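In this note's numbering, the protein residues as written are 2 to 620. Positions of the beta carbon are idealized from the N, C-alpha and C atoms, including for glycine. Predicted, not measured: the structure shown is a model, and the values here were computed from it.
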Amino acid sequence: MNIYRKIADAMQDPSVSAFVEEEKIGLAEVKHIKEAISQKEKQEEFLDLPEGEDAYPFLTYKHSIRDFLRGEYGFDELAEVPKGVDADFAIPCFSIAMIKGIKPQEAAIEIAEAIKKECAFIERAEVTGGYVNIYVDAKALGQETIVSVETLKEHYGASRAGKRAKVVIEYSSPNAAKPMSVGHLRSTIIGESLKKIYEAQGFTVIGIDHVGDFGTQFGKLLYAISQWKDDDAFAKEPVKEMLRLYVKFHEEAKSDPTLEDKGREMFQKLEAGDAKLARQWADLCAVSADDFEKIYAMLGVKIDLLLGESFYQSRIPDVIARCLEKNIAVKNEDGSVAVNFADEEFPSFLLAKKDGSSLYAARDIAAAEFRLEQFDPVKIIYVVGGEQTLHFRQVFKTLGLLGHDAGKFTHDSFGLVSLPEGKMSTREGRVIFLEDLINESIERARKIVAEKNPELTDAEKKEIAEAVGIGAIIYNDLSQSREKNIQFTWDRALSMEGNSAPYLQYAYARAMSIVKKAGDVPVFVKEHIVIEAEQEQKLVRMIARLPEAVQHAQVAGAPHIVATYLNALVQEFSRFYNECPVLTAEGATRETRLHLVRATAQVIKNGLFLLGIRTLDRM
RNA sequence: GCGCCUGUAGCUCAACGGAUAGAGCGCAUCCCUGCGAAGGAUGAGACCGAGGUUCAAUUCCCCGCAGGCGCACCA
Numbered sequence: 002m003n004i005y006r007k008i009a010d011a012m013q014d015p016s017v018s019a020f021v022e023e024e025k026i027g028l029a030e031v032k033h034i035k036e037a038i039s040q041k042e043k044q045e046e047f048l049d050l051p052e053g054e055d056a057y058p059f060l061t062y063k064h065s066i067r068d069f070l071r072g073e074y075g076f077d078e079l080a081e082v083p084k085g086v087d088a089d090f091a092i093p094c095f096s097i098a099m100i101k102g103i104k105p106q107e108a109a110i111e112i113a114e115a116i117k118k119e120c121a122f123i124e125r126a127e128v129t130g131g132y133v134n135i136y137v138d139a140k141a142l143g144q145e146t147i148v149s150v151e152t153l154k155e156h157y158g159a160s161r162a163g164k165r166a167k168v169v170i171e172y173s174s175p176n177a178a179k180p181m182s183v184g185h186l187r188s189t190i191i192g193e194s195l196k197k198i199y200e201a202q203g204f205t206v207i208g209i210d211h212v213g214d215f216g217t218q219f220g221k222l223l224y225a226i227s228q229w230k231d232d233d234a235f236a237k238e239p240v241k242e243m244l245r246l247y248v249k250f251h252e253e254a255k256s257d258p259t260l261e262d263k264g265r266e267m268f269q270k271l272e273a274g275d276a277k278l279a280r281q282w283a284d285l286c287a288v289s290a291d292d293f294e295k296i297y298a299m300l301g302v303k304i305d306l307l308l309g310e311s312f313y314q315s316r317i318p319d320v321i322a323r324c325l326e327k328n329i330a331v332k333n334e335d336g337s338v339a340v341n342f343a344d345e346e347f348p349s350f351l352l353a354k355k356d357g358s359s360l361y362a363a364r365d366i367a368a369a370e371f372r373l374e375q376f377d378p379v380k381i382i383y384v385v386g387g388e389q390t391l392h393f394r395q396v397f398k399t400l401g402l403l404g405h406d407a408g409k410f411t412h413d414s415f416g417l418v419s420l421p422e423g424k425m426s427t428r429e430g431r432v433i434f435l436e437d438l439i440n441e442s443i444e445r446a447r448k449i450v451a452e453k454n455p456e457l458t459d460a461e462k463k464e465i466a467e468a469v470g471i472g473a474i475i476y477n478d479l480s481q482s483r484e485k486n487i488q489f490t491w492d493r494a495l496s497m498e499g500n501s502a503p504y505l506q507y508a509y510a511r512a513m514s515i516v517k518k519a520g521d522v523p524v525f526v527k528e529h530i531v532i533e534a535e536q537e538q539k540l541v542r543m544i545a546r547l548p549e550a551v552q553h554a555q556v557a558g559a560p561h562i563v564a565t566y567l568n569a570l571v572q573e574f575s576r577f578y579n580e581c582p583v584l585t586a587e588g589a590t591r592e593t594r595l596h597l598v599r600a601t602a603q604v605i606k607n608g609l610f611l612l613g614i615r616t617l618d619r620m
């Protein structure tokens, strides 16, 4: 049960104060999380994971090559292998040639000779132009990689590189009293995926949903409730009624500018602890949070800590006092408090209004300090839209001035979602609600399933439609890099072919179908793995690269690296599927291919898990 | 006005400073009496512009141009 529901329930007792209750419940939940973390830290399973850099064959090879180059020449650069070349690694020899005063090609010949002697895993090293193309012994790579997948299974790709250091990720953070729109989708999905990717790299992640449950917007809503609330409508569909009131407030405010002041006044009262308003506040947050939980359940998102902005209000006076004391902030004549940055590095930053009520700037600072204090994280990541870049720079800078390590804070921003008609706006009614998007996607997927596989039961169709429909939405977002703005169109968001989740899920289902038809997959014997056909080699190379992709995605804070990797993997698998029959093959070929298929399925599953997308044995 | 982000094929997107810039959609032509055609094969098709740094620039720097977003009592 979410915190707001608990608060609302506790308020059955009229002597209970909403914000005191919130403080109590919030702290209890934080305590609970800390206990869960220390329990988890005792689990030995973690130690079975590969340590990091050197744990996987492909990464081990890469590391050896780099070590050799660095030791011998002081350079360790490797180049991306171009599409037409099948090599596993490529060494550009230009800078080495420069230093030695010889031609790149001569340097390449020298390096090729030397590295072949040094690294036993290299089958051959070819020189083309100034490059050395390194071909790893595919058979050995295949054996080692399959061993790795077979033993680690769902952990294949993971490592304990993060050494259980704690990372806080703030994400999703919808506004209470408003339905979630597709605008919130990005933060929710990116944050959830980053959380999984960091965890896969051995970090302990605390995912916080920083709900927008406070501020002047609530004053406005409370005022609207006092004037125009329709009790019957609220009883039936509370969130819709709140949305109507919110929109009405802004419509009325156009002709009556005094409404803005009335909203601010209401918020001031709420923050000061007005019992009646606090009760209303708790109720409307509770119905909103129920709504969010419904959507999180559909998306498969698991929030560790749902704690809104209001939770930090008790800490704000202290934040402001310290800012004033350290001359970080000044109190203006009208009573407002602002941070003025030296050299006008940033515009000044308002912490409190002239009427004394708080602003989100102060709440964000208080929240950051609370997280540092409670979780002692090495990093706090904010998955918030790019329009708040300046705000976070100001927050981080102020935290630095307060004596915290500003380097711990990162704003992983992302581009705006707009509609063909223009910027999304809840007030203007120009918005697509997340629930509608999800339902539409499931419906489209259901039609496709019904058409392709009419023999499935309704229950199966339903499950498949959900996994495929939701997967399509998630993948659509996570397959592109964060910073770009996205113009929402139904067809794009719900694409089910080509580079899409269903494409990956489909490959998984086909792979599983082979495994199933094969009956007993022979017990894995390393020596029985004999990689021969070209397409087998290409596939095994891709399978070997998942750990690198996960590592890269974590360092870059970029889930799309995993998505891009998976798409490339599945393309190789689909070619393999067409070119290399498995069930009709015999002997070692059959056994090898069967293990390749099974390993591919495992990799798809692990990769999609990191994106928050389910796999299905049938679809 | 100042700041941040983005500019790659008709469209939507990839590419640790490295070779012939990759995919998907769309388009054209093929492949199911061989493990599921939500698939595969072939083809046409692109780095916003001008400088600079570098052996090497789509990538880094500078100046433009275009689009988006910010710049105090909203979040």
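- Secondary structure note for H185: its alpha helix (DSSP H) is the uninterrupted segment 183 to 201.
- Counting only runs of at least 4 residues, the region 89 to 128 fully encloses the following alpha helix (DSSP H) elements, listed from N- to C-terminal order: 95 to 101, 105 to 119.
- Non-local beta-carbon contacts of R364 in its own chain, meaning distances under 6 Å to residues more than five positions away in sequence, involve E310, Y313 in chain order.
- Proximity of the region 330 to 349 to the region 237 to 255 falls short of the contact definition, fewer than three beta-carbon pairs being nearer than 8 Å.
- Take the alpha-carbon of A88 and the one of F69: they are about 18 Å apart.
- CA-to-CA, the gap between M243 and K179 works out to about 7 Å.
- Rounded to whole angstroms, the separation of the alpha carbons of L222 and G264 is 7 Å.
- Within its own chain, the residues whose Cβ lies closer than 8 Å to the Cβ of L246, once the five positions on either side in sequence are excluded, are L222, A225, I226, W229, K230, listed in chain order.
- L435 and I530 do not touch by the CB rule: their CB atoms are close to 45 Å apart, not below 8 Å.
- Sequence-distant partners of A466 (beyond 5 residues in either direction) whose C-beta falls short of 7 Å from its own C-beta, in its chain, are I443, A446, R447, V450.
- L495: not part of any alpha helix (DSSP H); DSSP gives it neither H nor E.
- Pairing R511 with R546, the inter-Cα distance amounts to about 21 Å.
- In the three-state reduction of the DSSP assignment, E171 falls in the strand class, which pools E and B.
- Here K104 has A98 as same chain residues with Cβ atoms under 7 Å from its own Cβ, once five neighbours each way along the sequence are excluded.
- In the structure shown, L438 adopts helical secondary structure according to DSSP, grouped into three states.
- Annotation for G301: no alpha helix (DSSP H) segment contains it, and DSSP assigns it neither H nor E.
- The beta-carbon separation of P93 and E73, rounded to 15 Å, does not stay under the 8 Å limit for a contact.
- Secondary-structure assignment with DSSP links Y566 through no beta bridge to anything.
- Contact holds between the region 195 to 204 and the region 150 to 160, because three or more Cβ pairs, one in each stretch, are under 8 Å apart.
- Look at the beta carbons and you see the region 537 to 557 not touching the region 484 to 497: under three pairs across the two are nearer than 8 Å.
- In the DSSP assignment, the residues bridged to I381 are V169, F410.
- Beta-bridge partners assigned by DSSP to V21: none are found.
- Distance from the CA of F90 to the CA of R67, rounded to the nearest whole angstrom, comes to 11 Å.
- Pairing A37 with E52, the inter-Cα distance amounts to about 23 Å.
- Comparing alpha-carbon positions, the option among L570, Y5, E145 lying closest to L285 turns out to be Y5.
- Where A353 is concerned, the enclosing beta strand (DSSP E) starts and stops at 350 to 353.
- In the structure shown, K179 falls within a coil segment according to DSSP collapsed to helix, strand and coil.
- For the set N333, A11, A343, A353, the Cα lying nearest the Cα of D319 is the one of A353.
- With contacts defined by Cβ atoms closer than 9 Å, L278 and F347 do not form a contacting pair.
- For L595, the closest alpha carbon among the candidates F293, Q144, A519, I317 is that of A519.
- Excluding sequence positions up to five before and after G192, its CB lies within less than 7 Å of the CB of I170, Y172, S173, G208, V384, all in the same chain and listed in chain order.
- No Cβ-Cβ contact shorter than 9 Å links A108 with F122.
- Taking the C-beta atoms as reference points, A177 is found nearer than 9 Å to V212.
- Selection F610, T411, L617 evaluated against G301 yields F610 as nearest (Cα-Cα).
- In the three-state scheme derived from DSSP, where H, G and I count as helix and E and B as strand, Y507 is classed as helix.
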